[in-house]
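Trainee: Quick one: the structure is below, questions incoming.
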Amino acid sequence: MHSKKDLRKHYSGVRKAAKTEDKDKLICTRVLAEERVAGAQTVLLFASFGSEPDTWDIAEKLLMSNKAVAFPRCGSEGHMTFHTVGDISQLRGGEPGKYGIFEPGEVLPCPDFNRGTVCIVPGLAFTLNGGRLGYGGGYYDRFLSVHKDIYTIALAYEELIAPQLPLEEHDLRVDQIITEERTVLCNAE
Numbered sequence: 517m518h519s520k521k522d523l524r525k526h527y528s529g530v531r532k533a534a535k536t537e538d539k540d541k542l543i544c545t546r547v548l549a550e551e552r553v554a555g556a557q558t559v560l561l562f563a564s565f566g567s568e569p570d571t572w573d574i575a576e577k578l579l580m581s582n583k584a585v586a587f588p589r590c591g592s593e594g595h596m597t598f599h600t601v602g603d604i605s606q607l608r609g610g611e612p613g614k615y616g617i618f619e620p621g622e623v624l625p626c627p628d629f630n631r632g633t634v635c636i637v638p639g640l641a642f643t644l645n646g647g648r649l650g651y652g653g654g655y656y657d658r659f660l661s662v663h664k665d666i667y668t669i670a671l672a673y674e675e676l677i678a679p680q681l682p683l684e685e686h687d688l689r690v691d692q693i694i695t696e697e698r699t700v701l702c703n704a705e
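Listed below in structure tokens is the structure:
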């Protein structure tokens, strides 16, 4: 098996080639129809950039349905905090953060996390049993290791479902994957 660095480069190229507006719309529709998302009080959502599946439409629709929507801020030592936004302009109107990704202001409130909280997780590739190849910073792994009750959903294009990935003990496994074609309930133990 290839190194994580090589796989990140490979799947980054695959994702760039796979991205289309139509696929993003299908993923958005699937996310919004998902029972866990519909029933969630709070949805933690990443601010998509580059070739990631688009989360901006998802955020706007969740906000219109009066969901609490929170986005991450990357802090020091690989830790991140989530902050609730009342409007998407609280992200897009600001400056990009540490990695060129739009972040909420740190003065915005942090949500309460509970069993009904859903976290939409970014990544480069996933396995059907919930394995995730992230970007290498470990932010989500650290955050979710502290908040174990949060239900995790990954967004990916079908081309990013891998037969296997080199996973380590600390690597996050997601509970569910939503692609433009299907919803996968993972065996994330």
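Under my numbering, the first residue of the sequence shown carries the number 517, and numbering increases by one thereafter. Heads up, the beta-carbon is just placed ideally off N, CA and C, and yes, glycines get one too. Quick caveat, the model's predicted, so the values are computed rather than measured.
Should P627 and F598 be called a contact, given that it needs their Cβ atoms to be closer than 8 Å?
Mentor: Mapped onto the sequence shown, residue 627 falls at position 111. Mapped onto the sequence shown, residue 598 falls at position 82. P627 is a Cβ neighbour of F598, given a cutoff of 8 Å.
Trainee: Using a Cβ-Cβ cutoff of less than 6 Å, which residues in the same chain neighbour S567 once the five nearest sequence positions on both sides are dropped?
Mentor: Working through the sequence shown from its first residue, we reach residue 567 at position 51. Excluding positions up to five away in sequence, the list reads R531, K532, K535.
Trainee: Please name the residue, chosen from C635, G616, G639, that lies closest to G555 on a Cα-to-Cα basis.
Mentor: Residue mapping note: residue 555 aligns to position 39 of the sequence shown, counting from 1. That would be C635, whose Cα lies nearest to the Cα of G555.
Trainee: Short check: CB of G650 to CB of D691, under 8 Å?
Mentor: As a position in the sequence shown, residue 650 is number 134, starting the count at 1. As a position in the sequence shown, residue 691 is number 175, starting the count at 1. Not closer than 8 Å, so no.
Trainee: Within 10 Å of its beta-carbon, does Y656 have 16 or more other beta-carbons around it, so buried, or fewer, so exposed?
Mentor: In the sequence shown, the residue the question calls residue 656 occupies position 140. It counts as buried.
Trainee: Just list the residues that DSSP pairs Q680 with in beta bridges.
Mentor: If you number the sequence shown from 1, residue 680 lands on position 164. Note: Q680 sits in no beta bridge, so no partner.
Trainee: With a cut-off of 8 Å, do at least 3 Cβ pairs link the stretch 517 to 528 to the stretch 574 to 593?
Mentor: no
Trainee: What is the C-beta distance between F618 and A670, in whole angstroms, given that I count them as a contact (C-beta under 8 Å)?
Mentor: The residue labelled residue 618 in the question sits at position 102 within the sequence shown. The residue labelled residue 670 in the question sits at position 154 within the sequence shown. Taking 8 Å as the upper bound for CB-CB distance, F618 and A670 are not in contact here, some 20 Å apart.
Trainee: Distance, Cα to Cα, T695 vs D687?
Mentor: Indexing the sequence shown from 1 puts residue 695 at position 179. Indexing the sequence shown from 1 puts residue 687 at position 171. Taking the straight line from one Cα to the other gives about 21 Å.
Trainee: What are the partner residues of G647, as DSSP defines its beta bridges?
Mentor: Here residue 647 corresponds to residue number 131 of the sequence shown, with the count starting at 1. Within the DSSP secondary-structure output, G647 pairs in a beta bridge with R689.
Trainee: Suppose you measure from the CA of I666 to the CA of I543; what does that come to, to the nearest Å?
Mentor: Residue numbering aside, residue 666 sits at position 150 when the sequence shown is read from its first letter. Residue numbering aside, residue 543 sits at position 27 when the sequence shown is read from its first letter. Between I666 and I543, the C-alpha separation is close to 21 Å.
Trainee: Here's the rule: buried if 16 or more other CB atoms are within 10 angstroms of the residue's CB, otherwise exposed. What is V585?
Mentor: Walking along the sequence shown from the start, residue 585 turns up at place 69. Answer is buried; the Cβ neighbour count reaches 16.
Trainee: Return yes when the Cβ of L607 is within less than 8 Å of the Cβ of K577, no when it is not.
Mentor: The residue labelled residue 577 in the question sits at position 61 within the sequence shown. The residue labelled residue 607 in the question sits at position 91 within the sequence shown. No. Outside cutoff.
Trainee: What separation, rounded to the nearest whole angstrom, lies between the Cα atoms of L523 and G653?
Mentor: By 1-based counting over the sequence shown, the position of residue 523 is 7. By 1-based counting over the sequence shown, the position of residue 653 is 137. One C-alpha to the other measures close to 15 Å.
Trainee: Mind listing, in chain order, the continuous alpha helix (DSSP H) runs of no fewer than 4 residues lying wholly within the stretch 624 to 674?
Mentor: At a cut-off of 4 residues, the continuous stretches assigned as alpha helix (DSSP H) that sit fully inside the stretch 624 to 674 are 655 to 662.
Trainee: One question on the structure: do G616 and F565 come within less than 8 Å of each other, judged by their Cβ atoms?
Mentor: The residue you call residue 616 lines up with position 100 of the sequence shown. The residue you call residue 565 lines up with position 49 of the sequence shown. The answer is yes: Cβ separation under 8 Å.
Trainee: How big is the Cα-Cα spacing for T571 and P620?
Mentor: Looking up residue 571 in the sequence shown gives position 55. Looking up residue 620 in the sequence shown gives position 104. Rounded to the nearest angstrom, the two C-alpha atoms are 15 Å apart.
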